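This report concerns only the one structure given below.
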C-alpha cells in the first residue's frame, strides 16, 4: 500500500508510528507541506480534503484523515480497547486532538518552524499559543495518576496526542512544568517498535 | 442519562438526532453558548474540552465530543457499517466534518446568527466563508451519483454532515447550486423518526 505523506507532519507520523507498531510494510510518497499546488492533481479523487496523510490500499481504495486511517489499521489490535465505553473515550481524545490540539499546537509549530514566513502569522500566534497551553493543561490534569489516556494500555489516543505534543517545543511551547505529560511522553517513546518522527 | 447541550448547536443536534432514531430517552440540560463562564463549574471533570455536547450516563461516566458520543450509541446499530473499510470511510467524513466543515460553516453561522456581535468577526469572515464553500463543493462532488456518504445506507457520516449543512443559510451560505447536497438533505429529513434542530 501507498502512503502520501510529509516527514514533518505529525498527522502523517501518527500513521507511520502505528504501522511500525503493527509491523505493516508500505510505500511512502512525500508531498510538500508549504507549496500545495500539486494537491488537486495528486490527491484529487483520493481524499476530499486534499491533505496528507492519504492512504491508498493495494486494491486502489483510498482513505483520508489520520484518525480514520488509524482506526482502519487499529481495529482488532491492542491499540483499540475491547470495551465499548473505552472505545468511545479513545475517540473522544482523537476528536479533541483534531479539534483543539492540532489547530493550536501543530499550527503554531508550522508557522514558526516550517512555513518559511513566521512573521506573516504573528498577529494570530498569541491566541493560538494560549489555546495550545489550555490543551496541554487539560492533558496534564487527565494524566495525573494515569499511565495512558484511556484504560490501562496504550491506544490510538496516545498515538494521536503524542504526535504533536512531543514536538511542541518547535512551536515555542514550554513543557517543563507538565510533569505528567513528560512522564507519558517517555512512556510512549519507550514502547517496543517505537519510531521517531524523522525515521 | 443526561445530555448537557444547546438547542442551537449543531454538534448537540447530531446527538439528539441519533438518539431520536434509536428511540433512546434522555434528559436535556441547556447551557448558554455565548456566555460560557459557568462551563468549568458545570462541565469540569466531565469533558476536558468544557464544551457541549457532554453526555453523563446513569452510572456517572461521561463522554465529550459529538463524534465519540455518536460512536458510543451508534456501534451495532444500522448507522455504523458492518464492513471494516466502510467504518473507516465513515470516520473519515466525521473527522473531515470536525476539522474542515464545522470550523468554517458552523463558526460563520455562529458569528452571524448567534454571537450577538457579528461585527467583531468581520475581518475573519471572508476567509472562513471561502473555506466553507470549498467544503460544500467537496461534499457535492462526492454525493453526485450517491444517496449517502458511505455505502448504501444512512450512517453517522450523514448525521454529522447534515447538522450544520442544513442550517448553512444562517451563515450566509447559498446552497442553491448544490443539487446533490439538496437532494441528500431532503433524503435525511425524510427518514422515519427524523427530528428537527429546534425539536
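Residue numbers (this note's numbering), protein chains in the order written: chain Z, 1 to 199; chain C, 200 to 398.
Yeah, the Cβ is synthetic: ideal placement off N, Cα and C, and Gly gets one too.
Note that the coordinates shown come from a computational prediction; the quantities given were computed from them, not determined experimentally.
Within 10 angstroms of the Cβ of residue 296 of chain C, are there 16 or more other Cβ atoms? Answer buried if so, exposed if not. Buried: at least 16 other Cβ atoms inside 10 Å.
Minimum length 3: unbroken beta strand (DSSP E) runs contained in the region 101-183 of chain Z: Runs of beta strand (DSSP E) with 3 or more residues, each lying fully within the region 101-183 of chain Z, are absent.
Is residue 235 of chain C helix, strand or coil by DSSP? Coil, per DSSP.
Would residue 127 of chain Z be called buried (16 or more neighbouring beta carbons within 10 Å of its own) or exposed? Residue 127 of chain Z comes out exposed.
Which value, in whole angstroms, describes the spacing of the CA atoms of residue 391 of chain C and residue 222 of chain C? If I take the Cα positions, the gap works out to 11 Å.
Taking 9 Å as the threshold (beta carbon to beta carbon), is residue 85 of chain Z in contact with chain C? Cβ-Cβ to chain C under 9 Å: yes for residue 85 of chain Z.
Is the Cβ of residue 61 of chain Z closer than 9 Å to any Cβ of chain C? Chain C contact via Cβ: present.
Based on Cα-Cα distance, which residue from C:338, C:346 and C:332 lies nearest to residue 370 of chain C? Residue 370 of chain C has its Cα closest to that of C:332, out of C:338, C:346 and C:332.
Could you compute how far the alpha carbon of residue 33 of chain Z sits from the alpha carbon of residue 52 of chain Z? If I take the Cα positions, the gap works out to 9 Å.
Cβ closer than 8 Å: which chain Z residues qualify as neighbours of residue 263 of chain C? Around residue 263 of chain C, the beta-carbon contacts reaching into chain Z at under 8 Å are 92 and 96.
So residue 95 of chain Z packs on residue 18 of chain Z, CB below 8 Å; how close in whole Å? About 17 Å; that fails the 8 Å criterion.
Listed from N- to C-terminal order along the chain, which residues in the region 40-53 of chain Z have their beta-carbon within a distance smaller than 7 Å of any beta-carbon of chain C? Result list: 48 and 49.
Hey, quick one: how far does the alpha helix (DSSP H) through residue 261 of chain C stretch, first residue to last? Segment 261-263 is the beta strand (DSSP E) holding residue 261 of chain C; no alpha helix (DSSP H) there.
At which residues does the beta strand (DSSP E) containing residue 226 of chain C begin and terminate? Taken as a continuous stretch (DSSP letters only), the beta strand (DSSP E) holding residue 226 of chain C covers 226-229.
Look at the Cβ atom of residue 362 of chain C, then the Cβ atom of residue 203 of chain C, and state whether they are nearer than 9 Å. Not in contact: residue 362 of chain C and residue 203 of chain C (Cβ atoms no closer than 9 Å).
Would you mind reading off the limits of the alpha helix (DSSP H) that contains residue 13 of chain Z? First-last of the alpha helix (DSSP H) with residue 13 of chain Z: 10-22.
Could you give the distance in angstroms between the alpha-carbon of residue 257 of chain C and the alpha-carbon of residue 201 of chain C? Straight across, the Cα-Cα distance linking residue 257 of chain C with residue 201 of chain C is about 8 Å.
Exposed or buried, what is residue 253 of chain C when buried is set at 16 or more other beta-carbons lying within 10 Å of its beta-carbon? Buried is the label assigned to residue 253 of chain C, since at least 16 other Cβ atoms lie within 10 Å of its Cβ.
Contact list for residue 67 of chain Z against chain C, beta-carbon separation under 7 Å: Simply 290 and 294.
Limits of the unbroken beta strand (DSSP E) element including residue 3 of chain Z: Taken as a continuous stretch (DSSP letters only), the beta strand (DSSP E) holding residue 3 of chain Z covers 2-5.
For the region 332-351 of chain C, list every residue whose C-beta sits within 8 Å of some C-beta in chain Z, in sequence order. The residues in question are 337, 338, 340 and 341.
With DSSP collapsed to three states, give me the class of residue 249 of chain C. Note: residue 249 of chain C maps to coil in three-state DSSP.
Taking the alpha carbon of residue 153 of chain Z as the reference point, which residue from Z:10, Z:43, Z:38 and Z:87 has its own alpha carbon closest? The shortest Cα separation from residue 153 of chain Z among Z:10, Z:43, Z:38 and Z:87 belongs to Z:87.
DSSP three-state label for residue 256 of chain C, please. Shown here, residue 256 of chain C sits in coil according to DSSP, grouped into three states, outside any helix or strand.
Using the C-alpha atoms, what's the distance from residue 263 of chain C back to residue 246 of chain C? Distance between the alpha carbons of residue 246 of chain C and residue 263 of chain C is about 5 Å.
Using the C-alpha atoms, what's the distance from residue 330 of chain C back to residue 224 of chain C? Rounded to whole angstroms, residue 224 of chain C to residue 330 of chain C spans 37 Å at the Cα level.
Does residue 162 of chain Z come within less than 9 Å of chain C when only Cβ atoms are used? So, not an interface residue.
Residue 71 of chain Z at chain C interface by Cβ criterion, 9 Å: Closer than 9 Å: yes.
Residue-chain proximity (residue 99 of chain Z, chain C), Cβ-Cβ < 9 Å: For residue 99 of chain Z, the answer is yes, since a Cβ of chain C falls inside 9 Å of its Cβ.
Residue 394 of chain C (DSSP reduced to helix, strand or coil): Correct three-state label for residue 394 of chain C: coil.
Please classify residue 277 of chain C: does DSSP put it in a helix, a strand, or coil? Assignment of residue 277 of chain C by DSSP, reduced to helix, strand and coil, places it in the coil class.
Neighbour flag for residue 287 of chain C against chain Z, beta carbons, 9 Å: So, interface residue.
Under three-state DSSP, which class holds residue 208 of chain Z? There is simply no residue 208 of chain Z to check, as chain Z begins at 1 and stops at 199 in what is shown.
Kindly give me the distance between the Cβ atoms of residue 291 of chain C and residue 68 of chain Z, rounded to whole angstroms, as I take these residues to be in contact under 8 Å. Between residue 291 of chain C and residue 68 of chain Z, the beta carbon gap of about 4 Å places them in contact (Cβ cut-off 8 Å).
Which same chain residues, not among the five before or five after residue 114 of chain Z, have their C-beta less than 8 Å away from its C-beta? Excluding positions up to five away in sequence, the list reads 8, 33 and 34.
So, are the CB atoms of residue 311 of chain C and residue 324 of chain C less than 9 Å apart? Taking 9 Å as the cut-off, the beta carbon of residue 311 of chain C is found closer than this to the beta carbon of residue 324 of chain C.
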